[in-house]
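What follows is one structure encoded as structure tokens, with my remarks underneath.
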Amino acid sequence: MCRADDWPGPERALALSLSSCLARTFSRFENAVALAAQTLKIQAGVPALVLAPMEGVTDASMRALLSEVGGFTFCVAEFLRISQEAPGASVFLRHVPELAEGGRTSAGLPVQVQLLGGDPDKLARGAAVAIRAGARAVDLNFGCPARTVNRHDGGATLLKYPERIGAIVAAVRAAVPAPYPVSAKLRLGWDDMEAIHVNAERAVAGGASWLTIHARTKMQGYRPPAYWKPIGQVRRRQGVPVVANGEIWSLDDLRRCRDETGCQHFMLGRGALANPALARAAAHELGMSAGGADPSLGAAAWQTLILRLVTISTARGFPPRCIVGRIKQWLRLAHGAGTLPWFDAIKAETELGPLLRRLRALAAAEPRQALDPVA
Ligand SMILES: Cc1cc2nc3c(=O)[nH]c(=O)nc-3n(C[C@H](O)[C@H](O)[C@H](O)COP(=O)(O)O)c2cc1C
């Protein structure tokens with residue numbers, strides 16, 4: 002784990018002095034009011050926006066940042082693999098530190114714990130520990146395409162065995178107290194998009210409170226396009242809410258996904274990293290909040306966001322080299338959408354100070370970019 006004691010230095014001072022920018026930029030008070038009403042569940046008839054789990058990127062610092070920006074109903078933490086005996090509560094608290102704070106980010110956004118594995122009993126025991134550690138909902142990962150994960154009987158591998166999906170959901174459901182939701186996150190299949198129907202049916206029969214469906218098979222990886230239509234078919238056939246996920250990068254994508262699926266519930270992944278203000282605009286589009294255009298953020302707004310991430314990560318004890326790694330991982334994914342023309346100018350930086358100075362210069366060269374992109 003990449004942790005260290007607090008670090009001094011001019012970068013830190015710069016980051017701290019600018020930490021209030023984000024509050025001005027994204028109107029923290031307005032978000033706080035909205036967040037107070039957030040609950041960790043998906044309900045028929047109530048639109049919702051979920052921040053996708055993205056291992057290595059949406060850690061607690063990123064979840065804190067994006068919840069300050071606003072728009073989301075809740076977020077899902079990256080998967081915790083349950084391969085041997087159930088981990089102790091301390092493992093959950095390290096993996097999802099928000100559990101020690103009522104299961105919410107510092108800005109109040111609820112956080113759902115996600116488990117990954119192939120053994121129903123171990124997962125059930127893991128889920129029970131998660132609840133004791135403070136989790137208020139558990140999600141089960143049936144979509145991870147990583148080779149090592151799949152080789153060890155986890156993630157998307159389970160999509161080949163509908164009966165095992167049903168058994169896992171049923172075992173976890175039985176281990177988690179009734180008021181707390183248990184959900185399942187599926188891809189369309191391993192290599193066959195039709196598999197979603199039987200897998201969804203088994204997950205619902207096992208007691209899943211809702212399904213999140215990433216609109217691609219494991220073999221389709223993360224390559225566009227996403228195939229949203231089957232999500233709509235599952236939504237119409239199954240009696241539980243369905244969260245549509247995959248390739249939502251803009252409001253236009255959201256509208257097309259809504260038209261194709263009939264869903265009111267959406268999960269945003271890379272699109273929220275490429276445009277951290279997308280969720281606010283999407284929440285407005287779904288009638289969840291007042292205000293919010295579809296802004297494209299300039300270097301100045303990005304500088305504000307990055308400085309805020311530095312402040313949050315520093316307060317959590319991460320050293321500069323680790324923070325630089327996280328920032329670049331984030332920007333690399335964000336740049337996948339081609340929206341960061343300035344990324345090339347900073348991607349070679351390996352030290353936090355020079356990276357922040359370069360960002361500041363880029364932002365200064367772009368005075369027309371207001372610091373209030375969502376006004
Ligand atoms: C870097 C990265 C890490 C991911 N980690 C997880 C994870 O821990 N658990 C999970 O269920 N999905 C994970 N996913 C999948 C996303 O949650 C989401 O389903 C996928 O990115 C499709 O949504 P998008 O097109 O909006 O990005 C990950 C995706 C990426 C790109």
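Quick note: the sequence shown uses our numbering, first residue 2, plus one each step.
Glycine residues also receive a C-beta, built at the ideal position from the N, C-alpha and C atoms.
Where the alpha helix (DSSP H) through residue i begins and ends
i	result
ILE166	163-176
LEU357	353-365
LEU287	Note, LEU287: premise wrong, no alpha helix (DSSP H); not H, not E.
SER314	300-316
ASN276	Taken as a continuous stretch (DSSP letters only), ASN276 belongs to no alpha helix (DSSP H), as it is neither H nor E.
VAL205	196-206
LEU41	It is not in any alpha helix (DSSP H) - LEU41 carries neither H nor E in the DSSP assignment.
PHE267	Note, PHE267: premise wrong, no alpha helix (DSSP H); beta strand (DSSP E) at 266-269.
ALA61	61-70
VAL92	90-96
ILE347	344-347
Residue i versus residue j - alpha carbon distance
i	j	result
ASP373	PRO342	Caution is warranted here: a pLDDT of 40 is assigned to ASP373, below 50, making its placement in the model unreliable, and the coordinate value is therefore given only provisionally. ASP373 and PRO342: Cα-Cα distance of roughly 20 Å.
GLN115	GLU79	6 Å
ALA24	GLY288	For ALA24, the predicted structure reports a pLDDT of 48, less than 50, and the residue's modelled location is therefore unreliable. The matter cannot be settled from this model.
ALA136	GLU202	26 Å
ALA157	LEU363	41 Å
ALA147	ARG322	26 Å
ALA128	ALA346	44 Å
LYS329	GLY57	11 Å
SER314	ALA61	9 Å
VAL235	ALA125	26 Å
CYS22	GLN304	Low confidence applies here, because CYS22 scores a pLDDT of 49, under 50, leaving its location unreliable; read the following figure in that light. Rounded to the nearest angstrom, the two C-alpha atoms are 10 Å apart.
PRO98	LEU67	16 Å
ILE307	ALA301	10 Å
GLU86	ASP154	15 Å
ALA280	ASP192	31 Å
GLY233	LYS161	21 Å
Residue i - containing beta strand (DSSP E), residue span
i	result
ALA108	No beta strand (DSSP E) contains ALA108, which DSSP labels as neither H nor E.
ILE214	212-218
CYS258	Where CYS258 is concerned, there is no enclosing beta strand (DSSP E), although the alpha helix (DSSP H) it sits in stretches over 252-262.
GLY339	Taken as a continuous stretch (DSSP letters only), GLY339 belongs to no beta strand (DSSP E), as it is neither H nor E.
HIS153	Element bounds for HIS153: n/a, residue is neither H nor E.
ARG82	75-82
ALA138	Counting along the chain, ALA138 falls outside any beta strand (DSSP E), and DSSP gives it neither H nor E.
GLY190	183-190
LEU52	49-52
ALA245	243-246
Rounded Cβ spacing between residue i and residue j (contact assumed at less than 8 Å)
i	j	result
LEU94	ALA284	Actually they are not in contact, since the Cβ atoms of LEU94 and ALA284 sit about 30 Å apart, beyond 8 Å.
VAL241	CYS264	Actually they are not in contact, since the Cβ atoms of VAL241 and CYS264 sit about 12 Å apart, beyond 8 Å.
GLY337	ARG271	6 Å
SER245	ILE214	For the record, residue 245 in the displayed sequence is Ala; it is not Ser. Indeed, because the Cβ distance is near 7 Å, the residues count as touching under 8 Å.
LEU52	LEU332	Contact doesn't hold; Cβ gap of about 18 Å is too wide.
ALA291	TRP250	Contact flag wrong, Cβ pair sits at about 24 Å.
ALA204	VAL170	5 Å
Reference residue i, options the options, closest by Cα
i	options	result
MET220	TRP229, GLN239, ALA125 and GLY144	GLY144
LEU110	HIS336, LEU252, ASN142 and CYS76	CYS76
ASP140	PRO225, GLN44 and LEU81	LEU81
PRO180	ALA349, ALA147 and THR40	THR40
GLU69	LEU353, GLY208, LYS329 and PRO277	PRO277
PRO320	ALA302, THR351, ALA282 and GLN113	THR351
ASP120	GLY247, ALA172 and GLY222	ALA172
LEU189	TYR223, ALA176 and VAL177	TYR223
ARG152	LEU298, HIS96 and GLY118	GLY118
ALA335	ASP192, THR59, GLY46 and PRO48	THR59
THR149	ALA196, ASP122 and SER84	SER84
ILE324	GLY233, ARG361 and LEU353	LEU353
THR74	LEU360, ARG257 and LYS42	LYS42
PRO48	ALA134, HIS266 and LEU252	HIS266
GLY89	GLY72, ARG257, LYS123 and LEU357	LYS123
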